[in-house]
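Trainee:
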Amino acid sequence: MASHLQNPLALPPVNDLTCIVTGATSGIGREMARQLAEAGAHVVMAVRNPKAAHELINRWSESWHGLPLNIEVMELDLLSLDSVVTFANAWNARLGPLNVLINNAGIFSIGGKRKYSSLLGYTSSKLAQVMFSSVLHKRLPIEAGVNVVCVSPGIVHTNVARDLPRIVQAAYHLIPYFIFSAQEGSRSALFSATDPQIPEYCELLKADEWPVCAFISQDCRPTNPSEEAHNIETSFEVWEKTLEMIGLPSDAVERFIEGNEVTCRYGTRSD
Numbered sequence: 006m007a008s009h010l011q012n013p014l015a016l017p018p019v020n021d022l023t024c025i026v027t028g029a030t031s032g033i034g035r036e037m038a039r040q041l042a043e044a045g046a047h048v049v050m051a052v053r054n055p056k057a058a059h060e061l062i063n064r065w066s067e068s069w070h071g072l073p074l075n076i077e078v079m080e081l082d083l084l085s086l087d088s089v090v091t092f093a094n095a096w097n098a099r100l101g102p103l104n105v106l107i108n109n110a111g112i113f114s115i116g117g118k119r120k121y122s123s124l125l126g127y128t129s130s131k132l133a134q135v136m137f138s139s140v141l142h143k144r145l146p147i148e149a150g151v152n153v154v155c156v157s158p159g160i161v162h163t164n165v166a167r168d169l170p171r172i173v174q175a176a177y178h179l180i181p182y183f184i185f186s187a188q189e190g191s192r193s194a195l196f197s198a199t200d201p202q203i204p205e206y207c208e209l210l211k212a213d214e215w216p217v218c219a220f221i222s223q224d225c226r227p228t229n230p231s232e233e234a235h236n237i238e239t240s241f242e243v244w245e246k247t248l249e250m251i252g253l254p255s256d257a258v259e260r261f262i263e264g265n266e267v268t269c270r271y272g273t274r275s276d
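Numbering follows the working numbering, in which position 88 of the sequence shown is assigned residue number 93; successive positions increment by one, without gaps.
(1) According to DSSP, which residues form a beta bridge with Phe-220?
(2) Express the C-alpha separation of Leu-16 and Phe-196 in angstroms, rounding to a whole number.
(3) For Arg-274, which three-state DSSP category applies?
(4) With distances taken from CA atoms, which of Ser-186, Asn-94, Phe-261 and Leu-210 is nearest Asn-12?
(5) Nearest-angstrom Cα distance between Pro-254 and Asn-94?
(6) Write down the C-beta distance between Asn-20 and Gly-45 rounded to the nearest angstrom, noting that I regard them as a contact closer than 8 angstroms.
(7) So, is Thr-268 buried or exposed, given that buried needs 16 or more other C-beta atoms within 10 angstroms?
(8) I need the boundaries of the alpha helix (DSSP H) containing Leu-248, first residue and last residue.
(9) Comparing alpha-carbon positions, which option in Pro-55, Ser-129 and Asn-104 lies nearest Glu-233?
(10) By Cβ distance below 6 angstroms, which residues in the same chain neighbour Val-52 in space, the five residues on each side in sequence not counted?
(11) Taking the alpha carbon of Ile-282 as the reference point, which residue from Ala-198, Glu-263 and Lys-211 has its own alpha carbon closest?
(12) Which residues does DSSP list as the beta-bridge partners of Ala-51?
(13) Mind reading off the beta-carbon distance from Leu-22 to Asn-104? Whole number of angstroms is fine, and I expect it under 8 angstroms.
(14) Look at Phe-137 and Trp-244 and say whether their C-beta atoms are less than 8 angstroms apart.
(15) Taking Cβ positions, are Ser-240 and Val-140 nearer each other than 8 angstroms?
(16) In whole angstroms, give me the CA-to-CA distance for Val-156 and Gly-190.
(17) Should Ala-133 and Pro-158 be called a contact, given that it needs their Cβ atoms to be closer than 8 angstroms?
(18) Are the C-beta atoms of Ile-107 and some chain C residue less than 8 angstroms apart?
(19) Please name the residue in Glu-36, Ala-212 and Ile-203 whose C-alpha comes closest to that of Thr-228.
(20) Taking DSSP's pairing of strands, which residues face Leu-106 in a bridge?
(21) For Pro-227, list the residues DSSP reports as bridge partners.
(22) Quick one: what does DSSP say Val-19 is sitting in, helix, strand or coil?
(23) Considering only the alpha carbon of each residue, which of Gly-32, Leu-14, Glu-67 and Cys-218 lies closest to Ile-160?
(24) What three-state label does DSSP hand Val-258 in the structure shown?
(25) Please state the DSSP three-state secondary structure of Val-161.
(26) Does the distance between the C-beta of Pro-55 and the nearest non-hydrogen atom of the ligand ATP fall short of 7 angstroms?
(27) Given this structure, state the Cα-to-Cα distance separating Glu-80 from Thr-27, to the nearest angstrom.
(28) Are the CB atoms of Met-37 and Val-5 within a distance shorter than 8 angstroms?
Set out below in structure tokens:
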């Protein structure tokens, strides 16, 4: 139950890190953004509600003895891939460093074009994320210096629970001892983002041609994801389908690394 971990997690020096945290106005994302900023990192809150983010920054600054935090806000709405491309282009135009990207935000419901099980959809999406991340991990050469890590925060009481089946929502209230707070749930991602051993671990996996990327459990330990996640053929199908949906070639990563410009079908419209 990760009872051996500090809460909040003690972070190593992060003053030289620039970190983008998506979905940073609530839940785990908010905790990660706050803790990284208070530890000295330059934090970019990538959010769909900039006003809420600025209000949080003001509140954090007041509680931090009035000292300014190195934190800023950029708009990003994951419901719009045009917004995602606009955000990426704006960031790349800075030509500045990016040390950590924490893809925390997600889309739990898009209104539902057809009926489906929210619990099954959620678990399937998590598996797809691990599969996609594993292929990305494989396609990035060691010399690129980019590591891909999936994390499990554990069962955390956040806004995600609102769209789960009622029986699952009831369980959240019946077994509170087994459910993490947002602060507790942030530990595995913060550990993965800041611990100096993580890059070494990722390089070992790549050198051994391990079929899945690094996966860190809620107790901040490397763990092996499900047997399904090891299905290389399905993982590449997920990769191909994802890139097809956004209009990128399957070798987009290789082209990026070679310095070629690669565009997708989004973010090209004029406002």
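Where a beta carbon is used, it is the ideal one built from N, C-alpha and C, also for glycine.
Mentor: With the structure as the only source:
(1) As a working note, residue 220 is residue 215 in the sequence shown. The partner list for Phe-220 (beta bridge, DSSP) reads Cys-155.
(2) One-based indexing of the sequence shown puts residue 196 at position 191. One-based indexing of the sequence shown puts residue 16 at position 11. If you draw a straight line from the Cα of Phe-196 to the Cα of Leu-16, it is about 8 angstroms long.
(3) Start at 1 with the first residue of the sequence shown, and residue 274 comes out as number 269. Bear in mind that the predicted position of Arg-274 carries a pLDDT of just 47, short of 50, making it unreliable; the figure below should be weighed with that in mind. Reduced to three states, the DSSP call for Arg-274 is coil.
(4) Locating residue 12 in the sequence shown gives position 7, counting from the first residue. Taking only the C-alpha atoms, the option nearest Asn-12 is Ser-186.
(5) On the sequence shown, residue 254 is found 249 positions in, with the first residue counted as 1. On the sequence shown, residue 94 is found 89 positions in, with the first residue counted as 1. Linking Pro-254 to Asn-94 through their CA atoms gives a straight-line distance of about 18 angstroms.
(6) As a position in the sequence shown, residue 20 is number 15, starting the count at 1. As a position in the sequence shown, residue 45 is number 40, starting the count at 1. Their Cβ separation, rounded to whole angstroms, is 4 angstroms, which keeps Asn-20 and Gly-45 in contact under 8 angstroms.
(7) In the sequence shown, residue 268 corresponds to position 263, counting from 1. Thr-268 comes out exposed.
(8) Along the sequence shown, read from residue 1 onward, the residue named residue 248 stands at position 243. Element bounds for Leu-248: 237 to 251.
(9) Residue numbering aside, residue 233 sits at position 228 when the sequence shown is read from its first letter. It is Ser-129 whose Cα lies nearest to the Cα of Glu-233.
(10) Numbered from its first residue, the sequence shown carries residue 52 at position 47. Result list for Val-52: Ala-29, Thr-30 and Ala-58, in chain order.
(11) The requested residue 282 does not occur in the structure, where the chain is confined to residues 6 to 276.
(12) What you label residue 51 is simply residue 46 of the sequence shown in a count that begins at 1. BP columns for Ala-51 point to Thr-27 and Met-79.
(13) Numbered from its first residue, the sequence shown carries residue 22 at position 17. Numbered from its first residue, the sequence shown carries residue 104 at position 99. Contact holds; Cβ gap of about 4 angstroms.
(14) Here the question's residue 137 lines up with position 132 in the sequence shown. Here the question's residue 244 lines up with position 239 in the sequence shown. Yes, the pair counts as a contact, with Cβ atoms nearer than the cut-off.
(15) Walking along the sequence shown from the start, residue 240 turns up at place 235. Walking along the sequence shown from the start, residue 140 turns up at place 135. Yes, Cβ-Cβ distance for Ser-240 and Val-140 is below 8 angstroms.
(16) Mapped onto the sequence shown, residue 156 falls at position 151. Mapped onto the sequence shown, residue 190 falls at position 185. Answer to the nearest angstrom: the Cα atoms are 10 angstroms apart.
(17) As a working mapping, residue 133 is identified with position 128 in the sequence shown. As a working mapping, residue 158 is identified with position 153 in the sequence shown. In this structure, Pro-158 does not lie closer than 8 angstroms to Ala-133 by Cβ.
(18) Here chain C cannot be found, since the structure has a single protein chain.
(19) Taking the first residue of the sequence shown as position 1, residue 228 is located at position 223. Closest by alpha carbon: Ile-203.
(20) Taking the first residue of the sequence shown as position 1, residue 106 is located at position 101. Beta-bridge pairing links Leu-106 to Ile-25.
(21) Taking the sequence shown and counting its residues from 1, the one referred to as residue 227 is at position 222. Paired residue(s): Ile-221.
(22) Walking along the sequence shown from the start, residue 19 turns up at place 14. When DSSP states are grouped into helix, strand and coil, Val-19 belongs to the coil group.
(23) If you number the sequence shown from 1, residue 160 lands on position 155. Closest by alpha carbon: Gly-32.
(24) Taking the sequence shown and counting its residues from 1, one reaches residue 258 at position 253. Helix.
(25) Walking along the sequence shown from the start, residue 161 turns up at place 156. DSSP places Val-161 in strand when its eight states are reduced to three.
(26) The model depicted lacks the ligand ATP and carries no ligand whatsoever.
(27) Translated into positions along the sequence shown, residue 80 becomes position 75. Translated into positions along the sequence shown, residue 27 becomes position 22. Each residue's alpha carbon lies about 10 angstroms from the other.
(28) Outside the displayed span of the chain (6 to 276) sits residue 5, for which this structure offers no information.
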